[in-house]
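**Student:** Residues in the sequence shown are numbered consecutively from 55, following the numbering used here.
All C-beta atoms, glycine included, are put in the ideal place defined by N, C-alpha and C.
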Amino acid sequence: MSLLFDGATRERRNRWAALAALYLAMFMNILDVSVVNLALPSIRQGLGATDTQLEWVLVVYVLAFAAGLLPFGRFGDVVGRGRVFRWGVAGFTASSLACGLAPDIGTLITARGLQGLCAAMMVPQVLAIVHVIFPAEEKGKAIGLFGSISALGAVAGPLVGGAIVAADIFGLGWRPIFLINLPVGLISLAGALRFLPHLETESRVMPDWSGTFLFALAVLALVFPLVEGRQFGWPFWCFALMGLSAVLAVLFYRLQVQKARLGQAQLLPVLLTGDRVFVAGVAFVALFFSGLAGMFFMMALFLQAGLGLSPMTAGLILAPHPVGVILASAMTGRFGSRYQAVRISLAMLAVFCGLVAVRLLVSDGLSASLLVVPFLIVGLGTGTTIPALFQLVLSRVSGPDAGAGSGVLQAFQQIGMALGIAVQGQIFFQVLAAGRSEALYRDAAAAALLYPVSSCFALAVLAVGLACKFRSG
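(1) Can you list, in chain order, the residues of its chain whose CB lies under 8 Å from that of PRO376, leaving out five sequence neighbours each side?
(2) Are the CB atoms of PRO251 and ALA72 within a distance shorter than 9 Å?
(3) Would you decide whether MET80 is buried or exposed? Buried here means 16 or more other CB atoms lie within 10 Å of its CB.
(4) Under a Cβ-count criterion, where at least 16 other Cβ atoms within 10 Å of its own Cβ denotes burial, should SER242 be classed as buried or exposed?
(5) Do you know how far the Cα of GLU192 is from the Cα of LEU503?
(6) I need the straight-line Cα distance from MET175 to ASN83, nearest angstrom please.
(7) Which of helix, strand or coil does DSSP assign to ALA488?
(8) Can you name, in chain order, every residue of its own chain whose Cβ lies under 6 Å from the Cβ of ALA347, other than the five neighbours on each side?
(9) What whole-angstrom Cβ distance do GLY130 and GLN179 have, given they're in contact under 8 Å?
(10) For PHE59, name the three-state secondary structure that DSSP assigns.
(11) Give me the residue from LEU280, ALA182, PHE146, LEU247 with the minimum Cα distance to ILE481.
(12) Given that a residue counts as buried once 16 or more other Cβ atoms are within 10 Å of its Cβ, and exposed if not, what is LEU58?
(13) Excluding the 5 residues flanking ALA232 on each side, which residues of the same chain have their C-beta closer than 7 Å to its C-beta?
(14) Give me the Cα-Cα distance between GLY408 and ILE431, rounded to the nearest whole angstrom.
(15) Mapping the DSSP letters down to three states, classify GLN318 as helix, strand or coil.
(16) Would LEU253 pass as a contact of ARG135 if the rule is Cβ separation under 9 Å?
(17) Quick check: the Cα distance between VAL412 and GLY100, rounded to an integer number of angstroms?
(18) Counting only the same chain and skipping the five closest in sequence on each side, list residues whose C-beta sits under 6 Å from that of PHE429.
(19) Closer than 6 Å by C-beta to SER344: which residues in its own chain qualify, once you throw out the five before and the five after it? Chain order, please.
(20) For the putative contact between PHE351 and GLY435, defined by C-beta atoms under 8 Å, what is the C-beta separation to the nearest angstrom?
(21) For MET366 and ALA498, I'd like the C-alpha separation in whole angstroms.
(22) Hey, out of VAL477, LEU443, PHE483, whose CA is closest to GLN464's CA?
(23) Answer with buried or exposed for ALA488, where buried requires no fewer than 16 other C-beta atoms within 10 angstroms of its C-beta.
(24) So is ALA156 buried or exposed if we call it buried at 16+ other beta carbons inside 10 Å?
(25) Rounded to whole angstroms, how far is the Cβ of PHE466 from the Cβ of ALA314, which I believe are closer than 8 Å?
(26) Take ARG69 as the anchor and find which of ARG137, VAL143, HIS185 has the nearest alpha-carbon.
(27) May I ask which residues mark the beginning and end of the alpha helix (DSSP H) holding ARG135?
(28) Name the residue from ASN235, LEU108, ARG450 whose alpha carbon lies nearest to the alpha carbon of VAL331.
(29) Comparing alpha-carbon positions, which option in ASP329, ALA246, ALA303 lies nearest VAL447?
(30) On the three-state DSSP scale, how would you describe LEU325?
(31) In the DSSP assignment, the alpha helix (DSSP H) including SER264 goes from what residue to what residue?
(32) Just the C-alpha distance for TRP291 and VAL114, rounded to the nearest angstrom, thanks.
(33) Suppose the cutoff is 8 Å on Cβ atoms and the five residues either side in sequence are ignored; what does the same chain contact list for PHE286 look like?
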């Protein structure tokens, strides 16, 4: 009896130790995404990067992450989720080392792309593994911790990033923001090797690699000219690539239809594209995050390079946004699926008002410390909108397609982020072509902020229509 008790206790401890390894990797990824923004001025100074190259430091990561999310999720089902997770953590740790040691900006951009791919290998496996290794009575608590860890990483990102860059540890400047991943990644990998149980594969159907290739090409053909067009003077090939992107998107869709008819694996389940609410929800998510991601990329540069604030001060000004997201998620979670139309509409109005306030403060030359309040408001609106929107959209997806539907939403969230950084970067740096004075930085930021302000206004209108469609459908 004692042996049975000891065995059960040991198994339970191993489960929670495995969970720590899983969530440590998630924390590392979330932290890495948010700390890089604050290191951009230091990276530009240290590596002599151009404005366009700074954009690629962020864009290449989210593009690689978006392209890999869906196929690597399926790949985990085929070859084993624990195995793919360990590969992802090892690759992410190694590519972080490459980032931290990068001798030039080209190497850094390449390593960032590898980071994004490795993140796409490990992230889809985390919750899938949690669902398998935890019994029903412990699963709720384990999954609940996922949200807490994600929130902690989002809040810590601006603060940790600002503190590390400001500290200039051993004179390394920006490099420790990547090198800090080495001990974290190695601990996570060691924990996964030691405590993750052997997990049986659940599928023999390989991912849709051809669809993944076409999808990635279509997105790259759209984003590449948006990032590079300004420095080349918008030659004909920029517009030709955008046209090619549309052609590749059509070919991708036709390939998915053909695979559906043949009963083969699809990157994007065709049945999902027939639901207008789902499609509108995906478009909503992409446009919403394009505004936010581009804004924080631009504001990190504006606060430091434009206003001369320290990385730590800039991080403190930006941190209220993730704090607001956490507070709103905690407060609105109790509503479940109730009042979704009202919640989304009011939240989008709050985000719109917050963004308008940010733009007014930037353009009128007022103290940057005043930005704390509107960033908190934007965070509260974001934390209310996104959970309700995901619930609304995924409620349209049948059980077998639930995982694919969630993956599509996350992938297009990343694509939206890449597009937002590209578009707002174009606007911001185009204004700065005339000079780098504080006045021009304010003009550039105010011009770039028109994108999230106008897109948020459009989304507030779409939110009402989407909710009404859901209620009537």
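**Tutor:** Result, derived from the coordinates:
(1) Only SER88, ALA205, ALA208, VAL209, GLY211, PRO212, GLY433 meet the Cβ criterion.
(2) Judged by beta-carbon spacing, PRO251 lies within the 9 Å limit of ALA72, meaning their Cβ atoms are closer than that value.
(3) It counts as buried.
(4) Counting Cβ neighbours within 10 Å, SER242 comes out buried, since at least 16 surround it.
(5) So the two alpha carbons sit approximately 45 Å from each other.
(6) Approximately 11 Å between the Cα atoms of the pair.
(7) Three-state result, ALA488: coil.
(8) In its chain, beyond the 5 residues on either side, MET471, GLY474, ILE475 have a beta carbon closer than 6 Å to the beta carbon of ALA347.
(9) Contact between GLY130 and GLN179 holds, since their C-beta atoms are separated by about 5 Å, short of 8 Å.
(10) Summary for PHE59: the model assigns pLDDT 46, below 50, so the residue's position carries little reliability, and this model does not support an answer.
(11) For the residues LEU280, ALA182, PHE146, LEU247, the minimum Cα distance to ILE481 belongs to LEU280.
(12) Any reading at LEU58 is ruled out, since the residue's pLDDT is 45, under 50, leaving its predicted position unreliable.
(13) One detail in the question is off: residue 232 reads as Phe in this sequence, not Ala. Hits under 7 Å: SER150, CYS153, GLY154.
(14) When rounded, the separation of the alpha-carbon atoms in GLY408 and ILE431 is 6 Å.
(15) DSSP places GLN318 outside both helix and strand once states are collapsed to three, so it counts as coil.
(16) Inclusion of LEU253 and ARG135 in the CB contact set at 9 Å is warranted, their separation being smaller than that value.
(17) One alpha carbon belongs to VAL412, the other to GLY100, and they sit about 30 Å apart.
(18) Taken in chain order, the residues that qualify are PRO374, HIS375.
(19) Taking C-beta separations shorter than 6 Å and ignoring five residues to either side along the sequence, the partners of SER344 in its chain run GLY470, LEU473, GLY474, following chain order.
(20) That belief does not hold up - the Cβ atoms of PHE351 and GLY435 are roughly 19 Å apart, past 8 Å.
(21) A direct Cα-to-Cα measurement between MET366 and ALA498 gives close to 23 Å.
(22) Answer by Cα proximity: LEU443.
(23) Exposed, by the Cβ-count rule.
(24) By the 10 Å Cβ count, ALA156 comes out buried.
(25) That belief does not hold up - the Cβ atoms of PHE466 and ALA314 are roughly 19 Å apart, past 8 Å.
(26) Of ARG137, VAL143, HIS185, the smallest CA-CA separation from ARG69 is found for HIS185.
(27) Its alpha helix (DSSP H) spans residues 135-155.
(28) The option with the nearest alpha carbon to VAL331 is ARG450.
(29) For the options ASP329, ALA246, ALA303, the alpha carbon positioned closest to that of VAL447 is the one of ASP329.
(30) Residue state, collapsed to three classes: helix.
(31) Element bounds for SER264: 263-286.
(32) Looking at the two C-alpha atoms, the distance is approximately 20 Å.
(33) Result list for PHE286: CYS292, in chain order.
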